[in-house]
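Let me begin by presenting the structure, written as structure tokens, before commenting on it.
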Amino acid sequence: MNALLILIPIALVLGLFGLAAFLWSLKSGQYDDMDGAAERILLDDEDD
Amino acid sequence: MSQADFVVPGMHCAGCLRKIERGLPEILGVSAARANLSTKRVHVDFDEATLDNAALVRAFQSLGFDAAPFKAALSGGERDAEDKQLLRAMAVAGFAAANIMLLSVSVWAGLVSDMDASTREMFHWISALIAFPTLAYAGRPFFISAYKALRAGAMNMDVPISLAVVLASAASLFETIRGGPHVYFDASVSLVFFLLIGRYLDRRARSQAFEVARNLLALRSIEATRVDEDGKHHLIESDAIEPGMTLFVAPGMRVPADGVVLSGTSDMDTALLTGETVPEAVAPASHLHAGTLNLTGPLTLRVEKVGEDTLLAEIVQLMEAAEEGGGAYVRLADRLAKAYAPLVHVLAGLTLVGWLVLGPDWHVALMACVAVLIITCPCALGLAVPVVQVVGAGKLLQQGVLMRRGDALERLAQVDTVVFDKTGTLTKGAPQLVEDSSCDRASLELAAALGRHSKHPLAKAIAAKSNASASLQDIQEFPGNGIEAIHDGQRIRLGRKAWVCGDESEGHLGPELWLQMGDAPAQAFHFTDELRDDAKATIDALKAKGLDVHLLSGDRAVVAHHVGAALGIEHIHGDCRPDDKIRVLQDLKEQGRKVLMVGDGLNDAPALKTAFASISPASAADLAQASADFVFQGEALMAVPQTLSLMQKGYTLIRGNFALALGYNLLAIPLAMAGYVTPLIAALAMSSSSILVTLNAMRLKLARL
């Protein structure tokens, strides 16, 4: 029982962390150009 | 420092991205450029003092890309926001559903083992604390839609969904407060999550089509060159064009407004409007339409219509009108909901009343009523269609066919008439030289050498036939007529018959070019737009299925009849403008027919939207693809009957799924009304019926094409 009092909040916080990460990635525009992202991986890193 | 967006339709690959993102900042005044390949737009940060939109468009052109400024204010900015809103709701619901289900499974396991009441209550409270904010946030799309439907006196699937979610949560909260063993938080939240997934996918497909239409609006030539009375040229914004103005259109520019040619001759690429690939020769007094491309010679024109009155704007308006009308199709699921929802509500009401009268106390009655609502909640019904669609879309994708809309499967399966566009759909869309005995090798080589100096598609088609070079001097292009040069001291001409040999008569059916050298007799080159290799087989396959086949073409009626006869099509309509095409489709609709439209040109876009279902090849104009329900890759037209067969099989499975889901309800409802259903049984019944429906849908994977 005591273990649950610690483990459930931990589980929820971890879940919230994932949710927050997704919402942040959505907000920062990472899903705006899925086609572009697929192509950009083919580009070499900038030399300069 | 200011910012602007540009539409760049020619951007296709990583190379293009790099070229633009590295090339633009090298220009003085541009600090950064960021390309988006999905929307085909480029965001540019630049210094207003040194650059303006026109200079940036020229910069794009120097990199090899056609570009037009994109005004975000054009309409629809709020649409992106709604898409993201839906995605956020889905993420929140997913998080909540996963965590509540984790707690519920523990409670269910605890019910048969040693979980004590206080632990169970704590789990219920945690579930409630997660569920209520989630439902208030993520459930809004359903609540709002249900509220709108009810206020309009109508019924849709969202009404029973909302009612079940709200009642189940409220009753569960009540049970939690009084410490009861059964709560339904997991059912209500996962229902919302799964339904949101389907809604988001549906929404995204529609948004893509919408974005393409917005880009098209931006592509209407944004700047124009005004010719003043003293002959001076001024650059003006296209917004400032007024009827009566005189404009100058250089070769390579798009015509900014509808009007009449005052001086100059040229060839116009009208493919954007008519879908025809052979350019139209224009001379003074010819009519020009906004959006057509000037290929060869400089023109001045007097403006007659601007902006919303032009033919191009009309096509966009026709599309919008068709889109609104197209919403008239009611999905099978929604039609079922109309009958299903009232029935469920009556049964739930009867359960409540029955238990109040006969049962021990009123919260038992309430829980039995909630159990009926939960167990009948259209989870299997909601899955019956989307799963078949997902499996069908995956199967089609393997065949190179893309399904663009959710309800396309149902609609395509019901068609009884197929209407084909000609150029680019039944035919390959590019003129090919007919190499018969009438063309001798020597003149072909000479024509090819001369044709290489012209941008005219027919000249290019000849040039592609031979690599031979010839010594040509004084090459001169006569826009609208042809091209001339001196070869071995003799004048040679390649071009229109009337211009080459002074003969005005029209002999040949299809497009042609004539070549004359010195005083020798002129030589004709004929072109045809070849039929796709399997066009005949496709038409035969469709007829064998008992479908009526029509041909609808923007080309001349004679040519349309010629092609139609070759393919064995009985119903042929030639000389069709975009609105004529819509009229033909509406006539067919009034006769009670369900029409499949197959077309590729921009001019077909409104017709594709109007038709009951539509397919377009991947070579089609962007807007046509965006309007179509299905897009097929490759040259094979056989994709049309294959897609049709698969969708018919899918439709049979959908109806089978509905039968399964209804059969499950027939079994489960009496149990729920009798009060035997606990949350565990509800969860088991819901998942087993969903699995059954999903497995049934998987049978579509086995279908042979």
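Chains as they are written, first to last, in my numbering: chain A, 1 to 48; chain B, 49 to 753.
Quick reminder that beta carbons are idealized off the backbone N, C-alpha and C, glycines included.
Contact check for B/T167 against A/L4 passes: the beta carbons are separated by less than 9 Å. Here B/G530 carries a strand assignment [DSSP, helix/strand/coil].
Residues of chain B whose Cβ lies closer than 8 Å to the Cβ of A/L7 do not exist, since the nearest Cβ in that chain is about 11 Å away. Between B/L498 and B/L481 a beta carbon distance of about 14 Å is seen, past the 8 Å cut, so the two are scored as non-contacting. A contact between stretches requires three or more CB pairs, one per stretch, nearer than 8 Å, and the segment 539-553 of chain B fails this requirement with the segment 462-469 of chain B. Note on B/G187: 16 or more other CB atoms within 10 angstroms of its CB, so buried under the neighbour-count rule. For the pair B/A507 and B/A478, the CB atoms are not nearer than the 9 Å cut-off. Remark: C-beta atoms of B/R82 and B/E96 do not approach each other more closely than 9 Å. A contact between stretches requires three or more CB pairs, one per stretch, nearer than 8 Å, and the segment 272-279 of chain B meets this requirement with the segment 296-309 of chain B. Judged by DSSP secondary structure, B/G307 falls within the beta strand (DSSP E) whose first and last residues are 306-311. A contact between stretches requires three or more CB pairs, one per stretch, nearer than 8 Å, and the segment 173-191 of chain B fails this requirement with the segment 738-746 of chain B.
Classified as exposed, B/C61 has fewer than 16 neighbouring CB atoms from the shown chains inside 10 Å of its CB.
Boundaries of the beta strand (DSSP E) around B/P117: 116-118. Straight through space, the alpha carbons of B/L750 and B/M645 are spaced by roughly 28 Å. Neighbours of B/K132 across chain A, judged by C-beta separation under 7 Å: L26. Counting along the chain, the unbroken alpha helix (DSSP H) around A/E39 starts and ends at 34-40. Of the residues assessed, B/R500 falls on the buried side of the cut-off, its CB having 16 or more other CB atoms within 10 angstroms. Contact of B/L563 with chain A is not assigned, every C-beta pair being separated by 9 Å or more. Between B/L336 and B/G307, the C-beta spacing is below 9 Å. As a beta-bridge residue in DSSP terms, B/V466 pairs with B/V597, B/L644. Between the beta-carbon of B/V56 and that of B/F113 there is about 5 Å, and that keeps the pair under the 8 Å contact cut. In the DSSP assignment, B/V418 falls within the unbroken alpha helix (DSSP H) covering 410-424. Contacts with chain A at 9 Å (Cβ-Cβ) do not include B/A80.
Taking a cut-off of 8 Å for Cβ pairs, the segment 647-662 of chain B and the segment 617-635 of chain B touch, as three or more such pairs fall below it. Collapsing the DSSP output to three states places B/P665 in a strand.
At a cut-off of 9 Å, the C-beta of B/S86 has a neighbouring C-beta in chain A. Using a CB distance cut-off of 9 Å, A/A11 counts as an interface residue toward chain B. Rounded to the nearest angstrom, the Cβ distance from B/T318 to B/E328 is 5 Å, consistent with a contact under 8 Å. Taking CB atoms only, B/A184 has no neighbour in chain A less than 9 Å away.
Per DSSP, the beta-bridge partners of B/S314 are B/V330. In chain order, G15 make up the part of chain A whose C-beta sits under 8 Å from the C-beta of B/A146.
For B/A165, there are no C-beta contacts with chain A under 8 Å, since the nearest C-beta of that chain is about 12 Å from it. Assignment of B/G543 by DSSP, reduced to helix, strand and coil, places it in the strand class. With three or more CB-CB distances shorter than 8 Å, the segment 721-740 of chain B counts as touching the segment 217-234 of chain B. B/L400 and A/G15 have their C-alpha atoms roughly 38 Å apart.
If you check the CB distance, B/T586 and B/L701 do not come in under 9 Å.
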